[in-house]
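Counting from 116, one number per residue, gives the positions in the sequence shown under this note's numbering.
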Amino acid sequence: MLQEPSAGAGGRRKSMDPVSQHIHLEDLPTPGSRFEIGELLGEGTYSKVYAAVDKQKGNNVAVKVISNIAENILEIESEFRVLSSIGGQSLIPEFHGTYLHTPKNSKRQLWFVMELCEGVPVTELLAWLRKEGKVLQEEEIAALLKVFMMVLNYLHQNDIIHRDIRASNFIISPNGDIKLIDYGSCALVKDTEGKTHAPVGSPYWMAPEVIACEQLRPYSKSCDVWSLGITAIELAETQPPLFDIHPVRAMFQIARNPPPTLKKIAEWTEPFKDFISECLERNPENRPCVLELLLHPFITTVDDATDQSLTLEEHLHEEYSPSMGNRIKQILKRLGEMVKENLYPLTPSKPLTVMVKNWNFKSDADSPYRKQLPDDLAASENVSEDSAVDHLIHRFLQDEMYSYIGDVLLAINPRKKLPIYDSKIQIQYWEKARSDNPPHVFAIADRAYQQMLHHKRSQVIILLGKYNSGKSFSATQIINQLAFLCPSGNIAMAEKIQQLCPLLDAFGSARTAYNLNGSRLLKTVSVTFTSSGKVTGAIITALLLDRTRVTATPPNECNFHILYYLYEGLKSEKRLAEFGLDKLSSMKYLPQKGAKNQADLVSGYRNIYQAFRTLSYTEEEILVILRILSSILLLGDVTYTMKGACATANNPYLVTTAAKNLSIDNDMLLNVTCKGSSVEEAQRKRDAWVQFLYLQVFEWIVSSINKQLSFSRLVLGASFSVTVIDPPGFGTSDSNQLFRLGSNIINDFLQNYMQQLLFFKELEEYKEEGVDIPFKCETSFQQNQNLSELVESERILLSGLQNAEKMKSLPSNCVEVENDMVTVHHIFENVTYNIQDVTAENINSVDEAEFIETFKATGDILTSAIANAMPEEAKSIPEQILMLSPKIVEVMTEDFPHMVVCLQPTSSAREDIRFDPQCILQQMRIFNLMETIIIRQQGFARRLSFEEFLNRYKYLAFDFDEEVELTKENCQLLLLRLKMDGWKMGTNKVFLKYYTEEYLSRLYETHVKKIVKIQAMIRRFIVKARKDKDA
């Protein structure tokens, strides 16, 4: 209930803020005790409306109360000016005056006192119909639209743009009377040549030109015609198009996509569909005025007050003034009776109301406007580096870690768990357009899966980023979603695929100085599918494993997760003695063990054990893996002393226990791990042997998983795949120079390749196809040449790693060699490596023949199989990289890869620093994100040949039996028939914006589903007919 005014409120008031040009706030009267406030009638985005009694005049009135005067001053001014300047119209409430009310202990309120309009918002009638499973009849829709247009025409004649035409702003009484009740968004354009330029309105009803007015040009009264068309759909379907998605995303769909249509289009007449089509003309210059629409056949068929013998020109010449005929009055009276019987008296409810003003949104009177930035950086014009960073900060601080740049996903590592990856969220991203939901890695997975089916091509998702940017976590979530998306029927296979990343991370990731789960290998996972989208398996590749970490973990870092899981898991099961791990003392291969949470490690052990079981590993196989890993820990605790000319083990019982675990001869194991001319040599020999053993068990696990996941492919086939590429992050750590060099070179290669695809290839196609470059190109030929030179120099560097002298003589502008150091000018930053360290780590010090001989006499067949699982040709890390690069290119050339760019929020390990703008800005420059924004805003991401375009989409605009020549003209005709924006024609190709291609793909998929459904219905009918005939 409203509060009474404080003492002295009628006296002289202090100067108020804000200053209004049209309302002299200080001079307004106070309501005093003149009005007796009653019940709340309704609530909008900036006011609440109460029933009241004017005790001075003895009549009922409505009081619109506005509390946040300063924030809503523009709306207040608009409504005041409109209500003060128009009157004498039966469809507009009578205005009684404005008052300034000062409650006790509260901020001041502005009161608009006006005629009390009896009735309910039209949206309440629509809600009741929806609840009852009913809809309005077309003649009822036409009658309502006629009245809506009558008041709208009156406003336009008085140079007023309403900007918020929708069903909730019209009241219908029990007698069928209609009134327009809200004028807070109006713009008076008498002095501005009939145009205005502020993006104001309710998002779902806003015209495209209103949304884009800041970037294009001012808009005119025709924006109300668009809102009228949306309201027509709202009357027919009881809700506006896009009502079920976020208003920001709805606005971008309105601005980019073809106009919405009725969902069940076959259920409505051609005149009604044409009326909507006329209103929803994207070009405002071609949109009819309200007066023309009043004479549309859909309206005139129920309007007996219009002389239908006259033409439009004759009506306009005679200064046609619309009025309601008897038939429309009868229809409205019928609707009023429906209101009276079912909705009266009404309990106030809140309609679907969100107001936007310059990208500030609010949904109720008590809340302030809140800035809601678009989740697509390519959707904002004139983006600078500073505004882009501010944009990302704003979203990040609201736990919105994902943003788009067109079809590229940015993912900022939140460095904490967020509840956005459960099955409910997975369902939310199932067969959805990118703009239907907030940005998410699930959306990337869904898009890749849908494009695979739609384009009939395998897809690639590539993740780029520095260390501690969350790449591996994102890769895991993508793979989980790919397994989740496939049709039911192979759930067991989906569950197996979801276990791949946790298993690979356990053996190939570790806690580093910067990352709790730093990936120490390059992994790719190809999820395979049938042509219908059923998952058939997966193929995993794991390369560049940082095997030296097993024996030489850097200071203040940890070994691979699996070794900690093993120890704490067996300890929790009281099985340490079974594997001899109770004899460990120094735990050399388990550094920082005390700093880890034991409960987390036990949980990790159990999860990995379950992962093995899900992947169909037998208990025997798991036991052998545990024994091999236990042997590695045991050998790590062996220490040496010199006895004579040879180093020998101080604790040979550890070697004996390890030999027992491995089922090999104790003397042979002592010989290969505990002999040397010095303690250092013995340690090096032991460490090299252990590293090789760890690598062997890891590669055997990868190989056996691939074998296990191949059976379904053999039965069902594998027409297509979605491959996820997760390279190790770029870094500058001093440890393991060779792994770091290899990882950084891979990052350079991938970054160069993506830039070639994003920028240079697109520029080439513009030139080849005779299409003007739609953006200013800052990327020069010299930059392209520099990138290519860097990649070639790194290739030469890798080839020379076997020869330190050759490296010293390496001539290159991108690689500097001085003394024993080599500095590589990576794309991210310059990194200096020690030549001796790099070349030493490249030398395989294990005698593979001796290693195999050690296991030849093992009594365990499985252990022997693991030890002897040698690749056909063992490759060093440089050789792996040199072979890997062309393979990645081969995989990615089928279709444009889906990109996920992962960013560090800060390079600091301090928990109180969540976001460092400079760190983000540096990464934005490294990944050329500003250039990506420009090219996605103004460029054409998809370029399809005329043949491919028409073969794919011709049925969207041409009849199935129509002969369609694969020509440029038919491509243009198809896009014009679909009322598409965002395209250009080249000499041989159609150039499409990323959102245009996505809309076409989704439209195609919708048509295909309808066809499949019809085919299924026909098959059921035929089967039933045959059964009936046989009976």
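We put the CB at the ideal spot given by N, CA and C, even for glycine.
Sub-9 Å separation of residue i and residue j beta-carbons
| i | j | result |
| --- | --- | --- |
| M99 | G652 | This structure cannot settle anything about residue 99, because the visible part of the chain is limited to 116 through 1146. |
| E683 | Q707 | no |
| L750 | L769 | yes |
| V237 | A167 | no |
| I1048 | G521 | yes |
| H569 | S1116 | yes |
| L107 | P373 | There is simply no residue 107 to check, as the chain begins at 116 and stops at 1146 in what is shown. |
| D292 | L447 | yes |
Alpha carbon of residue i to alpha carbon of residue j, nearest angstrom
| i | j | result |
| --- | --- | --- |
| I1129 | I1137 | 12 Å |
| V930 | G846 | 17 Å |
| R1134 | V1123 | 16 Å |
| A370 | I326 | 7 Å |
| L117 | I152 | Residue placement at L117 cannot be trusted, given a pLDDT of 40 that sits under 50; the coordinates are not used to answer. |
| V717 | S792 | 41 Å |
| Y1119 | L1065 | 12 Å |
| M936 | Q852 | 11 Å |
| T316 | M366 | Note on residue identity: the sequence assigns Gly, not Thr, to residue 316. Cα-Cα distance, rounded: 11 Å. |
| N867 | I840 | 15 Å |
| D780 | L997 | 38 Å |
| E105 | R728 | The structure shown does not extend to residue 105, since the chain spans only 116 to 1146, so no value can be given for it. |
| R1067 | V946 | 48 Å |
| H1013 | D561 | 11 Å |
| D142 | Y1114 | 55 Å |
| A797 | W804 | 11 Å |
| I559 | L696 | 44 Å |
| G580 | A1024 | 17 Å |
| A1140 | D1076 | 27 Å |
| E877 | R1051 | 11 Å |
| L87 | K486 | In the structure displayed, the chain extends from 116 to 1146; residue 87 sits before or after that span and is not available. |
| N268 | I276 | 10 Å |
| F1073 | L1088 | 9 Å |
| A526 | L785 | 50 Å |
| K106 | Q995 | One cannot answer for residue 106 here, as it falls past the ends of the chain, which runs 116 to 1146. |
Residues of its chain near residue i, where Cβ-Cβ distance is below 8 Å and the 5 sequence neighbours each way are ignored
| i | result |
| --- | --- |
| E987 | The predicted position of E987 is uncertain, since its pLDDT is 49 and thus under 50; a value taken from the coordinates is nonetheless stated next. Closer than 8 Å at Cβ, skipping near neighbours: no residue. |
| I391 | G344, A347, I348, T376 and L377 |
| W1098 | F1055, L1090, V1105, F1106, L1107, K1108 and T1111 |
| M1132 | none |
| T1021 | I1028, R1029, F1030, D1031 and C1034 |
| I816 | L618, F622 and I740 |
is_contact[residue i, chain B] using C-beta, thresh 9 Å
| i | result |
| --- | --- |
| Q870 | The structure shown contains no chain B; it holds only a single protein chain. |
Where the alpha helix (DSSP H) containing residue i begins and where it ends
| i | result |
| --- | --- |
| Y1119 | Y1109 to D1145 |
| E253 | E253 to Q272 |
| A726 | Q713 to T729 |
| E233 | Note, E233: premise wrong, no alpha helix (DSSP H); not H, not E. |
Contacts around residue i, its chain only, beta-carbon distance under 6 Å, and the 5 residues preceding and following it disregarded
| i | result |
| --- | --- |
| W383 | L377 |
| D1143 | none |
| T1102 | E884 and G885 |
| E194 | Y298 and G299 |
| L831 | T645 and T651 |
| A1039 | The amino acid at residue 1039 is misidentified as Ala; the sequence shows Met. Taken in chain order, the list of residues that qualify is empty. |
Own chain, CB closer than 7 Å to residue i, minus 5 neighbours either side, in chain order
| i | result |
| --- | --- |
| S746 | A773, N776 and L777 |
| S162 | K179, V180, I181 and A480 |
| E186 | P483 and Y484 |
Enclosing beta strand (DSSP E) for residue i [first to last residue]
| i | result |
| --- | --- |
| H277 | Element bounds for H277: n/a, residue is neither H nor E. |
| A653 | V650 to L658 |
| F835 | F835 to D841 |
| V805 | Note, V805: premise wrong, no beta strand (DSSP E); alpha helix (DSSP H) at V794 to Q823. |
Any 3 or more C-beta pairs closer than 8 Å across the segment 654–669 and the segment 732–746: Result no; under three Cβ-Cβ pairs closer than 8 Å.
At least 3 beta-carbon pairs within less than 8 Å: the segment 627–641 vs the segment 750–759: Segment contact: the segment 627–641 against the segment 750–759, fewer than three CB-CB distances shorter than 8 Å; contact not assigned.
The segment 242–256 contacting the segment 349–360, beta-carbon criterion three pairs below 8 Å: Yes, since at least three Cβ pairs between the segment 242–256 and the segment 349–360 fall closer than 8 Å, the two stretches touch.
Inter-stretch contact (C-beta, 8 Å, three-pair minimum) for the segment 224–241 and the segment 446–454: Result yes; three or more Cβ-Cβ pairs closer than 8 Å.
Sufficient close CB pairs (3 or more, under 8 Å) joining the segment 856–867 to the segment 1079–1087: Taking 8 Å as the limit for Cβ pairs, the verdict is that the segment 1079–1087 does not touch the segment 856–867.
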